[in-house]
Structures are given as structure tokens and as C-alpha cells.
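What follows is a short report on a single structure.
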Amino acid sequence: MKTSLAEQLVADFWERVGYQEGFPRQLEQSIMVTVPVHVVKVHGCLNTSFIRDRLRRRGIALPTPWKERKMHGCLVAFKDDAAIFVDGTLSPDDWRVIIAHEFGHYLADFEYPRRRALRYLGNSIAEVLDGDRPPSQNEIFAAVLTNVQVGVFVHYMDRSENSRMLVREVEDTASIVGAELLAPCQAVFEAMARQKVEAQPKTITKLLEAFFGLPSDYAEWHAERLARVLRRHRSFCQVLGI
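So this is what it looks like as C-alpha cells:
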């Protein structure tokens, strides 16, 4: 389900962009000209204190009971505006991975449920999603019937024991969406077929590094995932739909 949702969200994003970037993909410009998301490279210390202070300066009063920790990237989304903060001291390849992951959060955890809520419950539910008022009893009942979540969006920065399973779920989804943005399964399989690359994690990793420009650690993770997908199919022909 995560993979099919990721493919759906990414396909919808590129449709809005109007074209698909070549490889290796940069994403930053395509994101900022298509959706209300700003990419901000922080060349100081990117940590929870920085995010808390940034929210406070924007007049956003949200509960932030987070333990202090450093971060490579972070998404903050509020009402119709969002920002992806990236550690500016990292390499450009690492930036791309972090931007893709955090944008995966935006697509899967913020925009997608917001769109569903507006579609099923009407435009007035935006006031609830933005925290301007609590939901009415009728809205709560309708949300249950349509399996729509109502309430203010909360970014999953809490790493306490109580939130560990939920955080793992949303992080996994964001990682898969990010991978689909940078190196889509279908594009990788087609490249493997053209270059006669064996369906083994090591050989897939080399392809992801050379053709899709992924850093080694991320390429290894994505290659392991793609190898598992291939093991569930009997041949490349099935994967390619031939």
C-alpha cells in the first residue's frame, strides 16, 4: 500500500509540474515553483531549538514538547504554507535526499490528508485543519464515516517511546515517496533492463549511484528495497508490464 500511494502521490506531483526532471533529479526548483513549499538551507545549527524559535518568530503557537536534538532536515507545514529546512553543511547529494524525504512528508502526511478532508467534508473543514476552531459533532461523525482525519497537522518530531510506532510508519512512507521522486522503481527497472544489470543489491546500488546520483548509503537502502520487489516477480517482463 505504501508503494502504490507513493507512486500515486509522485505521479500527481509531476503532472502538476508539467514535466518530469531528468536524472539525477534536483527537485528543489520543481518543488518551489509548483507547491507552496520553500526550501531553506540552514548554515548554522539545525536543531529543535532553531525550529521552535522560527515558529515563534512567525507567531505560530504550537505545542513543541520535543527533546533537544540536531537534525539533517525538517518539514514545517502550517495552513497553506510550508518550509523544508536542510542542514546547509551537507553535500549537494545529501541535500537532494533530505529534500526528497521531507517533501515526501509534505505530500503524504500534510497535503494528501488535507485534500481528502476538503473533498469529503467541504471547504469549511479548512478552519478545523488550520486550528482556527474545533470540529463540530457533525464534522466528527462525517470524518469517522469517511475515514478522514480532522485536526491540526502535527509534524512527527516527537521521538518518545509512546510515539515510536507512529513515527516509524510515517518515516517509512516519507522515505518511499522520496525514493520514488529521485529514482522511481519503474525507471530503475527499465535502466537495469537496458544495461543488463543483475537483480542483486550490490549491482543495483552501483546503478543508483552512477545513473540516478544517489549517495552510497541511500543507494544501498533503496537497492535492498528494489531487490525485494524483484524477488516477488518471476521476471523483468512482469515488472515492465510486457
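Numbering (the numbering used here), first residue to last: 1 to 242.
Heads up, the beta-carbon is just placed ideally off N, CA and C, and yes, glycines get one too.
- With contacts defined by Cβ atoms closer than 8 Å, Glu220 and Thr205 form a contacting pair.
- The Cβ atoms of Leu118 and Ala126 sit closer than 8 Å to each other.
- With respect to the C-alpha of Gly88, the residue from His43, Asp80, Arg69, Ala100 having the closest C-alpha is His43.
- Residue burial annotation: Met192 is buried, with at least 16 other C-beta atoms found within 10 angstroms of its C-beta.
- Counted as a single uninterrupted DSSP element, the stretch harbouring Asp217 is not any beta strand (DSSP E) but the alpha helix (DSSP H) occupying residues 216-231.
- About 5 Å separates the Cβ atoms of Arg25 and Leu182, confirming a contact at the 8 Å cut-off.
- Secondary structure of Lys67 (DSSP, three-state): coil.
- Taking a 10 Å sphere around the C-beta of Gly178, we find 16 or more other C-beta atoms and assign the residue as buried.
- Ranked by Cα distance from Trp95, the first of Tyr106, Leu27, Gly131 is Leu27.
- Within the segment 24-108, the complete beta strand (DSSP E) runs of at least 3 residues fall at 37-42, 73-78, 81-87.
- In this structure Val39 does not touch Ile51 by the C-beta definition: roughly 15 Å separates them, more than the 8 Å allowed.
- Remark: C-beta atoms of Arg114 and Leu129 approach each other more closely than 8 Å.
- Restricting attention to Asn47, Pro92, Arg56, the CA atom closest to the CA of Cys74 is found in Asn47.
- If you check the CB distance, His72 and Ser175 do not come in under 8 Å.
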